[in-house]
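Single-structure report; data block below.
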Amino acid sequence: MSQRVFITGFGIITSIGKNTAENVQSLLHRRCGFGELNVLDTIHGKTLPACEIKLFNAELCALAGVAEGKGYTRTALLGLIALQEAIQSASLSPAEVQQAGLLSSTTTGGIREFERHFYELMDPTQAGDFVQYTDTANPGEHGERLADAVGIKKYIATLSTACSSSANSIMQGAQLIKHGKLERAICGGTEALSRFTINGFNSLMIVDPQHCRPFDNTRKGLNLGEGAAFVVLEGEDALAKSKKQPLAELKGYGNANDAFHQTASSPEGTGAFNAMRLALDMGGIAPADVDYINAHGTATENNDLSEGFGIQKLFGDTVPLFSSTKPYTGHTLAAAGSIEAVYCLLGLQHRVVWPNLNFNEQMPELSVSPVRELKQNVTLKQMLSNSFGFGGNTSSLLIAAV
Amino acid sequence: MTGNMQYYIQGIGMISPQKTFDNQLFLDEISTYDQNVLTSVVPDFKAYINPIQLRRLSRMLRIGLASATICLRDAGIDKPDGIITATGYGFLDETEKFLREMLELKEKQLTPTHFMQGTYNALAGLEAVTIKCMGYNNTYVSKGFAFENALQDAMMHIAENETAHFLVGSYDEAASVQFIASIREHHYKTEKISNLDLFNTPTLGTIQGEGSAFFDLTGVQTDNTWCVLKDSRMVYRPETTDELAVELRQFLKENDLTLEDVDVWINGITGDATRDARLKELETRELKALPQVRYKHLSGDYCTATSFALWLGASMLKKQHIPDIVKVNGFEMPKEIRTVLSVNHYMDRNYSFQLLHRAV
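As given, the protein sequences belong to chains V and E, one line each in that order. For the first sequence, the numbering used here gives the first residue as 1, with consecutive numbering after it. For the second sequence, the numbering used here gives the first residue as 1, with consecutive numbering after it.
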């Protein structure tokens, strides 16, 4: 029953690049997306900067190759751009796409458009262009729209486990392949900035108006971001037929729950520890054989402490290189898991470890610190990518070189 | 699904617009509604949720948490190996509250309660904290496929470890925001009807429902087993009824069955003259000879309504009884109810089949 699952392509759009090549250049040159908001209209545009993609929806429509006025939300547009790049990167034929599964994820669906047109939508006597956004309060709406846009019919799912969502969509795609339900799955997540999200996180008092500082003793919270990424998973049977060379293997994954608090991680990092341990166990990999961890590292006081303890507990004296790439992209919530999985794959391709920017002062509670400068010519064999979310959700992906 | 693997429903907790929270009853009393919106008949929450927690929770979180508790008690399980929830629109009332506050207060001085309780995975997270379940935890929000995705997820985990127990639940609420926004899509009828007349209306649209249903699924049968969940399949946007019919025959064939083996089929039509067309066609062709039951006049229509059908099917199999209120005219009671087929659709886009057997 169980077959190995490989990664054969990916696509990405973030505040540091509208495709893979642009993301690589920004990562190499320490260019971040953090700054004042001028695409989203919010009173917090100057006071709570974030990592915004500096393209208006009309420009995103052009990039995605769809007409304006057809009801594509920003969430759907970002997703479609990354999805199209992923399909192209894996050289999937239209027939292969049709028979693939699409597993997307989001934390708020099309709430950006819904909040903008809320009063008009709540008055059925009004008519106008806004009518295209009628069903945007539904989180699965974008998933079906993406499937329809690229012609996927076989299997559709949208997941939402807060900030671990797209790690779980990748995991679930792999499960479906392992169990012979699908030969291929395109998995990831998409997230657009919205007033709803900015105000929600701000009300929780975990947004830092300064540039975020993961694992730094002076960290004061996260920066929000927007973006999307999808990876193409193919089973070994499919690859045996097509003779395609995979980019990497998805060797393991773990999903656990911290069961501690609705919006906080346990101080000892139990959920983080369990998710990473499950991923390693599935891959049959000893902790000492992990070369790099792309940490969740949101730069909230709670997350970095909890994750740091979880890492130290699992790896003991042999903690591998680790970094959080959140200062580059901000916290892209549902999309973070797939964006960071793509950054692991890019690290593998370019033989580099991406730096954890803005780290200056060691946390006294931890005995380990993240990678501060770009590390080049690194041989990466096994990498973990962590994603944790509200509701206690913790997930970890084990990506291995082939 | 996976060859001969069987999945057993060991416990159910169901809160819906009918009095379904008491597993001893089976549609003995029927609630009627005349505003096209069906809301839950709820138990005394104090019996299921501790008082401190109860005060803090929204209506829908109470309903969800109570139905999960009813399910676990029914199954005799303290802590399952994993929790998987499914919803179409999530906690939309909470989302609306935060959104309105944000708009009215012009993004100033907001409190996080509604934001937190509006998160789609809030129920799965809350249930995990409540019963200290540190195992697998996931939430699907795929419109009319969310519950089906959740079932499939659990079934794959049980195929890997048949003694594992997975708590699989749905929740959707009859939110006014959805009702109003959906008027433009004619999702709901514009003329007010009595819910019991749903299938006698010739107009567009349906009635809005809600509910939360939890199931304890495992791979081993016990004396407590309600029924076998043999298989589940989704069909997305079939272009023709024939395509749907081919998928249905294929689904049965993969389970070594034909239509003749089905004792009762559950028809998920919604009372919408247009969107019901494919199931109405199946009803008069492939499924014509089979005894039929319907349920959306009792539950209303919502994204995860398949979970109501699963409860109905499991109840018929366990109790070997079919309440008159779900029978379609001319219903001939089979000698024994052994195999139940559910066929559902949501908005003529998301179609799904589930196959249930009597546990023997």
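Just so it is clear, CB atoms sit at the ideal spot from N, CA and C, and this is done for glycine as well.
Worksheet item: Beta carbon of Gly308/V, beta carbon of Arg277/V: below 8 Å?
Response: no
Item to complete: Using three-state DSSP, classify Asn274/V as helix, strand or coil.
Response: helix
Worksheet item: Quick one: which chain V residues come within Cβ less than 8 Å of Gly88/E?
Response: Asn138, Gly140
Worksheet item: Grouping DSSP H, G and I as helix and E and B as strand, with all else coil, what is Lys178/V?
Response: helix
Worksheet item: Does Phe118/V get closer than 8 Å to chain E when you measure Cβ to Cβ?
Response: yes
Discussion item. Using the three-state DSSP reduction, which class does Tyr418/V fall into: helix, strand or coil?
Written reply: There is no way to answer for residue 418/V, as the model of chain V reaches only from 1 to 402.
Worksheet item: Beta carbon of Val342/V, beta carbon of Ile12/V: below 8 Å?
Response: Going by C-beta atoms, Val342/V is nearer than 8 Å to Ile12/V.
Item to complete: Out of Leu252/E, Gly118/E, Thr130/E, point me to the one whose CA is closest to Ile49/E's CA.
Response: Thr130/E
Worksheet item: For Tyr7/E, does the three-state DSSP call read helix, strand or coil?
Response: Correct three-state label for Tyr7/E: strand.
Practice prompt. Count the C-beta pairs between the segment 370-382 of chain V and the segment 226-235 of chain V that are closer than 8 Å, then say yes if the count reaches three, no if not.
Written response: With a cut-off of 8 Å on Cβ pairs, the segment 370-382 of chain V is not in contact with the segment 226-235 of chain V, counting fewer than three such pairs.
Discussion item. Spatial neighbours of Gly45/V within its chain, please: C-beta separation below 8 Å, excluding the five flanking residues on both sides.
Written reply: Glu36, Leu37, Asn38
Discussion item. For Phe199/E, list the residues DSSP reports as bridge partners.
Written reply: Answer by DSSP bridge pairing: none, since Phe199/E is not bridged.
Item to complete: Taking Cys227/E as part of the alpha helix (DSSP H), name the residues at either end of that continuous run.
Response: Boundaries for Cys227/E: no alpha helix (DSSP H) harbours it, while the beta strand (DSSP E) harbouring it runs 227-236, taken from the DSSP string.
Discussion item. To be precise: take each residue of the segment 168-197 of chain E, compare its Cβ to all Cβ atoms of chain V, and keep it if any distance is under 8 Å. Which residues remain?
Written reply: Under the 8 Å Cβ criterion, the segment 168-197 of chain E contributes Val177, Gln178, Ile180, Ala181, Ser182, Ile183, Arg184, Glu185.
Item to complete: Show which residues of chain V have a CB atom less than 8 Å away from the CB atom of Gly135/E.
Response: Ala256, Asn257
Worksheet item: Thr240/E to Thr163/E, Cα distance in whole Å?
Response: 40 Å
Discussion item. Give me the DSSP bridge partner(s) of Ile325/E.
Written reply: Note: Ile325/E sits in no beta bridge, so no partner.
Worksheet item: What are the boundary residues of the beta strand (DSSP E) that Tyr171/E is part of?
Response: Start and end: 165-172.
Discussion item. Please report the straight-line C-alpha distance between Leu78/V and Glu115/V, rounded to a whole angstrom.
Written reply: 18 Å
Worksheet item: How is the alpha helix (DSSP H) around Gly268/E delimited, first residue to last?
Response: Here Gly268/E belongs to no alpha helix (DSSP H); instead the beta strand (DSSP E) covers 264-268.
Worksheet item: Using a beta-carbon distance below 8 Å, is Ser142/E in contact with chain V?
Response: yes
Discussion item. Looking only at its chain, what residues have a beta carbon closer than 7 Å to the beta carbon of Glu332/E, apart from the 5 residues adjacent to it on each side?
Written reply: Pro291
Worksheet item: Does Gly125/E get closer than 8 Å to chain V when you measure Cβ to Cβ?
Response: yes
Worksheet item: Exposed or buried, Gln25/V, counting other C-beta atoms within 10 Å across all chains shown (16 or more means buried)?
Response: exposed
Discussion item. By the DSSP assignment, the alpha helix (DSSP H) with His350/V in it spans what residues?
Written reply: 336-350
Discussion item. Run through the DSSP bridge pairs and tell me what Arg184/V is partnered with.
Written reply: Glu234/V
Practice prompt. Work out the CA separation of Ala146/E and Asp172/E for me, nearest whole Å.
Written response: Annotation: Asp172/E to Ala146/E spans about 11 Å, alpha carbon to alpha carbon.
Worksheet entry | Ala160/V to Ile337/E span [Cα, whole Å] | A small correction: the amino acid at residue 160/V is Ser; Ala does not occupy that position in the sequence shown. Each residue's alpha carbon lies about 38 Å from the other.
Discussion item. Buried or exposed, going by whether 16 or more other CB atoms sit within 10 Å of the CB of Ile43/V?
Written reply: exposed
Worksheet item: Pick from Pro49/V, Phe10/V, Phe390/V: whose alpha carbon is nearest that of Ala264/V?
Response: Phe390/V
Worksheet item: Is DSSP giving Met333/E helix, strand or coil here?
Response: coil
Worksheet item: Which residues in the same chain have their Cβ closer than 7 Å to the Cβ of His186/E, if we skip the five residues on either side of it in sequence?
Response: Leu204, Gly205
Discussion item. Does the CB of Thr119/E have a neighbour CB from chain V at under 8 Å?
Written reply: Chain V contact via Cβ: present.
Worksheet item: Can you list, in chain order, the residues of the segment 255-286 of chain V whose Cβ is nearer than 8 Å to any Cβ on chain E?
Response: Listed by position, the residues of the segment 255-286 of chain V near chain E (Cβ gap below 8 Å) are Asn255, Ala256, Asn257, Asp258, Ala259, Phe260, His261, Gln262, Thr263, Thr270, Gly271, Asn274.
Worksheet item: Which residue or residues does DSSP assign as beta-bridge partners of Gln152/E?
Response: Note: Gln152/E sits in no beta bridge, so no partner.
Item to complete: In the DSSP assignment, find the unbroken alpha helix (DSSP H) run with His142/V in it and report its ends.
Response: Element bounds for His142/V: 141-150.
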